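Be aware that the sequence shown starts at 21, since it is given in the numbering used here, and climbs by one per residue. Every residue gets a Cβ at the ideal spot worked out from N, C-alpha and C, and that includes glycine. Computed from a predicted structure; not experimentally measured.
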Amino acid sequence: MGSVFQFQKFYLQQSESAMPLTTDAVLLGVWAEVGESGTALDIGTGTGILSLMIAQRYPGVMVHAIDINEEAVKLAESNFENSPWKDRLSVRKGCFKELEEKWDRIVCNPPFFRGSPSRKSGTHTARQIGPLSHTSLLNRAPVLLNPGASVSLIVECENDRKSPPLNQFPELRCRRICRVHPQPGTPAHRLLLEYQKSGQGDSGIEETSLTIRNEAGQYTEEFKKITRGFYLQA
Numbered sequence: 021m022g023s024v025f026q027f028q029k030f031y032l033q034q035s036e037s038a039m040p041l042t043t044d045a046v047l048l049g050v051w052a053e054v055g056e057s058g059t060a061l062d063i064g065t066g067t068g069i070l071s072l073m074i075a076q077r078y079p080g081v082m083v084h085a086i087d088i089n090e091e092a093v094k095l096a097e098s099n100f101e102n103s104p105w106k107d108r109l110s111v112r113k114g115c116f117k118e119l120e121e122k123w124d125r126i127v128c129n130p131p132f133f134r135g136s137p138s139r140k141s142g143t144h145t146a147r148q149i150g151p152l153s154h155t156s157l158l159n160r161a162p163v164l165l166n167p168g169a170s171v172s173l174i175v176e177c178e179n180d181r182k183s184p185p186l187n188q189f190p191e192l193r194c195r196r197i198c199r200v201h202p203q204p205g206t207p208a209h210r211l212l213l214e215y216q217k218s219g220q221g222d223s224g225i226e227e228t229s230l231t232i233r234n235e236a237g238q239y240t241e242e243f244k245k246i247t248r249g250f251y252l253q254a
């Protein structure tokens with residue numbers, strides 16, 4: 021049986037078949053810069069949380085979502101239909117590798133889980149890395165992006181590396197990176213990344229950091245500030 025998470029302007033139905041709501045998704049939803057108009061693609065939408073957050077933040081953007089999990093697609097469709105932005109939201113079943121359309125922005129919260137399979141097939145599909153790794157996404161992104169368009173994602177930090185291999189995708193350049201720390205003094209455990217389809221000029225990389233909780237385990241003021249438009253309480 022699913023649960024419901026209430027945000028300020030919408031509620032999110034969840035189920036065991038789709039990736040549950042995580043802080044990672046919320047962070048990406050508030051950090052990604054989409055622009056005032058155009059189209060956005062949410063790859064591996066799950067419950068539809070990223071699409072809903074983008075629709076709330078950017079009233080002029082049409083948001084399209086895709087997922088290979090049929091139950092997740094049905095769940096996202098229900099969440100979209102019950103939101104204030106249903107006219108700007110759509111979802112379909114499919115794999116991003118099969119898409120031919122071009123987009124102004126792509127957002128994705130790819131799975132990190134590499135462990136043994138879940139007993140629940142739907143959850144297993146959502147959590148296993150499989151075809152939706154950040155590497156496969158970034159290799160495919162140039163085909164799906166309009167000139168100058170960007171892709172934003174959140175990835176796991178491995179082995180306490182300070183930087184990912186930013187230059188391994190020749191048709192993309194990293195424009196923004198935010199290192200996310202669980203608490204003060206701890207290594208970054210997540211990286212928020214924005215890559216732009218290669219164009220003219222190179223303005224360098226904008227680097228920032230964010231700490232989620234303080235020493236007492238409470239949300240930091242910076243975390244409260246960036247999520248203020250969504251959480252009922254932070």
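Item to complete: Taking all protein chains shown into account, decide if residue 252 is buried (16 or more other Cβ within 10 angstroms of its Cβ) or exposed.
Response: Here residue 252 refers to the residue found at position 232 when the sequence shown is read from its first residue. By the neighbour-count definition (other C-beta atoms within 10 Å, threshold 16), residue 252 is an exposed residue.
Discussion item. Do residue 70 and residue 255 have their beta-carbon atoms positioned less than 9 Å apart in this structure?
Written reply: Lying outside 21 to 254, the shown extent of the chain, residue 255 is not represented and no answer is given.
Discussion item. Considering only their Cβ atoms, is the gap separating residue 171 from residue 48 smaller than 9 Å?
Written reply: To locate residue 48, count along the sequence shown from 1; it is residue 28. To locate residue 171, count along the sequence shown from 1; it is residue 151. In this structure, residue 171 does not lie closer than 9 Å to residue 48 by Cβ.
Worksheet item: What span of residues does the beta strand (DSSP E) with residue 105 cover, start to end?
Response: In the sequence shown, the residue the question calls residue 105 occupies position 85. First-last for residue 105: undefined, no H or E at that position.
Item to complete: Can you give me the Cβ contacts of residue 276 inside the same chain, cut-off strictly under 6 Å, excluding the 5 residues immediately before and after it?
Response: The structure shown does not extend to residue 276, since the chain is modelled only from 21 through 254, so no value can be given for it.
Worksheet item: If you drop the 5 nearest sequence neighbours on each side, which residues of the same chain put their C-beta closer than 6 Å to that of residue 122?
Response: Within the sequence shown, numbered from 1, the residue matching residue 122 stands at position 102. The beta carbon of residue 122 is closer than 6 Å to those of 166 in its chain, skipping five residues each way along the sequence.
Worksheet item: Hey, out of 192, 34, 129 and 105, whose CA is closest to residue 158's CA?
Response: Along the sequence shown, read from residue 1 onward, the residue named residue 158 stands at position 138. In terms of Cα proximity to residue 158, the closest of 192, 34, 129 and 105 is 192.
Practice prompt. State the DSSP-derived secondary structure class of residue 52, mapped to helix, strand or coil.
Written response: For this step, residue 52 is matched to residue 32 along the sequence shown. In the three-state reduction of the DSSP assignment, residue 52 falls in the coil class.
Discussion item. Is it buried or exposed, residue 24, if we count other Cβ atoms within 10 angstroms and call 16 or more buried?
Written reply: Locating residue 24 in the sequence shown gives position 4, where the first residue counts as 1. So residue 24 ends up on the exposed side.
Item to complete: Could you pull out every unbroken beta strand (DSSP E) segment of at least 3 residues lying fully inside the stretch 54 to 90, listed in chain order?
Response: Inside the stretch 54 to 90, DSSP marks whole beta strand (DSSP E) runs of 3 or more residues at positions 58 to 63 and 81 to 87, from first to last along the chain.
Discussion item. Measuring alpha carbon to alpha carbon, tell me which residue in 85, 224 and 246 is nearest residue 230.
Written reply: Position 210 of the sequence shown, counted from the first residue, corresponds to residue 230. When each option's Cα is compared against that of residue 230, the closest is 246.
Fill in: For residue 248, the three-state DSSP class (helix, strand or coil)
As a working note, residue 248 is residue 228 in the sequence shown. Collapsing the DSSP output to three states places residue 248 in coil.
Worksheet item: Around the C-beta of residue 234, are 16 or more other C-beta atoms found within 10 angstroms, so that it is buried, or is it exposed?
Response: Counted from its first residue, the sequence shown places residue 234 at position 214. Looking at its Cβ environment, which holds fewer than 16 other Cβ atoms inside 10 Å, residue 234 is exposed.
Worksheet item: Where does the unbroken alpha helix (DSSP H) through residue 207 begin, and where does it stop?
Response: Taking the first residue of the sequence shown as 1, we reach residue 207 at position 187. First-last for residue 207: undefined, no H or E at that position.
Worksheet item: Exposed or buried, residue 180, counting other C-beta atoms within 10 Å across all chains shown (16 or more means buried)?
Response: Residue numbering aside, residue 180 sits at position 160 when the sequence shown is read from its first letter. Confidence at residue 180 is low in this model, with a pLDDT of 49, below 50, so its placement is unreliable and the value that follows should be read with caution. The residue is exposed, with fewer than 16 neighbouring Cβ atoms inside 10 Å.
Worksheet item: With 16 other CB atoms within 10 Å as the buried threshold, where does residue 38 fall?
Response: Taking the sequence shown and counting its residues from 1, one reaches residue 38 at position 18. Result: buried.
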